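Undergrad:
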Amino acid sequence: MRRSRGRGSTPAAPSTCPHLSAATFQPEPLTPGECQDCAELGEHTWAHLRMCMTCGHVGCCDSSPHQHAGEHFRRTGHPVMRSVEPGENWRWCYIDVRVG
Ligand SMILES: [Zn+2]
Ligand SMILES: [Zn+2]
Ligand SMILES: [Zn+2]
């Protein structure tokens with residue numbers, strides 16, 4: 426398995442990456458409407474919710490105190506999440522650090 430370590434953005438970068446291209450599967454959110462890890466802590470202090478496109482894990486965003494969506498990526502290596510905020514459908518690749 427090849428892992429891109431590119432952090433800087435190159436002007437000629439394509440508009441998507443292999444992970445975003447591959448992430449066409451839409452899993453059911455495991456914990457609709459709440460961050461799974463915050464719920465386990467008994468907390469409801471997140472700012473926004475993100476859902477893992479690999480397994481459906483719902484975690485809180487990087488503006489939240491616990492940043493569980495990012496932690497989920499670091500723990501599992503699942504590269505792509507999407508926003509599950511109402512009216513938002515953008516996706517994010519943690520490996521390539523890009524929206525798609
Ligand atoms: Zn990617
Ligand atoms: Zn959380
Ligand atoms: Zn996942």
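According to the numbering used here, the stretch in the sequence shown is residues 426 to 525, in order.
For glycine and all other residues, C-beta sits at the position ideal for the given N, C-alpha and C.
A quick note: this is a predicted structure, and the numbers were derived from the prediction, not measured.
#1: In its own chain, which residues sit with a C-beta less than 8 Å from the C-beta of residue 480, not counting the 5 before and 5 after it?
#2: Tell me whether residue 517 counts as near ligand 2, meaning its Cβ is closer than 6 Å to at least one heavy atom of that ligand.
#3: For residue 506 versus residue 517, is the C-beta distance shorter than 7 Å?
#4: Against chain D, does residue 499 count as a neighbour if the rule is that its beta carbon must be under 7 Å from one of theirs?
#5: Taking 6 Å as the cut-off, is the beta-carbon of residue 521 closer than that to any non-hydrogen atom of ligand 1?
#6: Quick one: what's got a C-beta closer than 8 Å to residue 510's C-beta in the same chain, skipping five residues either side?
#7: Along the chain, which unbroken stretches of the beta strand (DSSP E) at least 3 residues long are found entirely within the region 450 to 486?
#8: Kindly examine ligand 3 and report whether one of its heavy atoms sits closer than 6 Å to the Cβ of residue 480.
#9: What I want to know is whether the C-beta of residue 442 ends up closer than 6 Å to one or more non-hydrogen atoms of ligand 1.
TA: In short:
#1: 452, 455, 501, 503
#2: no
#3: Yes, they are a contact pair.
#4: Reference to chain D is not applicable here, since this structure consists of a single protein chain.
#5: yes
#6: 473, 474
#7: 474 to 477, 483 to 485
#8: yes
#9: yes
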